[in-house]
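Quick notes on the structure that follows.
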Amino acid sequence: AQSVTQLDSQVPVFEEAPVELRCNYSSSVSVYLFWYVQYPNQGLQLLLKYLSGSTLVESINGFEAEFNKSQTSFHLRKPSVHISDTAEYFCAVTAGASKIIFGSGTRLSIRP
Amino acid sequence: DAMVIQNPRYQVTQFGKPVTLSCSQTLNHNVMYWYQQKSSQAPKLLFHYYDKDFNNEADTPDNFQSRRPNTSFCFLDIRSPGLGDAAMYLCATSTSIRDGAFFGQGTRLTVV
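Residue numbers (the numbering used here), protein chains in the order written: chain A, 26 to 137; chain B, -9 to 102.
Here it is in structure tokens:
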């Protein structure tokens, strides 16, 4: 069965500093991988996804994630964070034809 | 705008009193999901529909039921809510697992 592990429950960083949110997955079959962002009292919004091909995927707001098959990881990075990036970030993996399984989330807090 | 709409955003119900949460979509997606998200936890898949085919997760309590009368609407029924059922309930849709899931704003359920 597929599973997702987010190693850090909270990550505090200073504004304009780089950040990396870690995600590892477990699966015996090929999967699709996603990062979602959730702002307080809101639903989840898709940030970026990996389907196949280039292992580096980017979002429109400066985040990127790199798929590493040998390490079964899909870490999310941003070179310079902004206060508005404060949110909870969820890594997710497909399981079967139509299911999506989420990790436990990483709360990113930005300090001015 | 095409979207997923959950009503109400906030629901307070009494212990043991049946409650129904609703979700509608204008995306014409064939897959609809219900997730339960407790504070600081991963969204947990309760069940999903692939068209009219209902897929229940093995660990979803019998207290939770769902109906999908047509493509656009999906309901979550909690027959006898307990204090432990207080959570954010997220509805999501998808047309292809490759695109991930598109989420509504969620309904926060309080049980008193």
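Think of the CB as a built atom: it goes at the ideal place given N, C-alpha and C, for glycine as much as any other residue.
Here the structure is a predicted model, which means the values were calculated and not measured.
Just the Cα atoms here: how many angstroms apart are residue i and residue j?
i	j	result
D67/B	Q4/B	14 angstroms
R136/A	Q35/A	13 angstroms
T85/B	A26/A	23 angstroms
N53/B	T10/B	12 angstroms
S28/A	P104/A	28 angstroms
G87/A	L73/A	11 angstroms
T30/A	Q(-4)/B	29 angstroms
V82/A	E40/A	23 angstroms
Y114/A	V62/A	5 angstroms
E47/B	G6/B	23 angstroms
V56/A	D75/B	31 angstroms
G72/B	Q55/B	15 angstroms
Y75/A	V44/A	20 angstroms
Comparing C-alpha positions only, which one of the options sits nearest to residue i?
i	options	result
D41/B	L35/B, A76/B and N18/B	N18/B
Q27/B	L133/A, S129/A and S134/A	S129/A
T100/B	D52/B, P8/B, V(-6)/B and M(-7)/B	P8/B
T97/B	G90/B, F65/B, V21/B and I87/B	F65/B
F44/B	A32/B, L73/B, T61/B and Q1/B	T61/B
N20/B	C13/B, T83/B and P(-2)/B	T83/B
A77/B	S56/B, A91/B and S30/B	S30/B
H107/A	Y64/A, I125/A, Y75/A and S134/A	S134/A
V54/A	A122/A, T131/A, F127/A and R132/A	A122/A
S95/A	V38/A, P37/A and N49/A	N49/A
Y64/A	I126/A, Y75/A and A112/A	A112/A
Using 10 angstroms around the beta-carbon of residue i, count the other beta-carbons present and answer buried if the total reaches 16, otherwise exposed.
i	result
A117/A	buried
F92/A	buried
S23/B	As written in the sequence, residue 23/B is Tyr, which differs from the Ser given in the question. That one is buried.
F99/A	buried
S51/A	exposed
S109/A	exposed
F37/B	buried
L69/A	buried
A42/A	exposed
L80/B	buried
I125/A	buried
Helix or strand or just coil, what does DSSP make of residue i?
i	result
S109/A	helix
R88/B	helix
L73/B	helix
I85/A	coil
Y50/A	strand
S12/B	strand
L76/A	coil
D41/B	coil
List the whole-angstrom C-beta distance separating residue i from residue j, where the pair is believed to meet the contact cut-off of C-beta under 8 angstroms.
i	j	result
L71/A	F59/A	6 angstroms
C13/B	G94/B	6 angstroms
V2/B	Q15/B	Going by Cβ atoms, the distance from V2/B to Q15/B rounds to 25 angstroms, so no, they are not a contact pair.
D33/A	T131/A	5 angstroms
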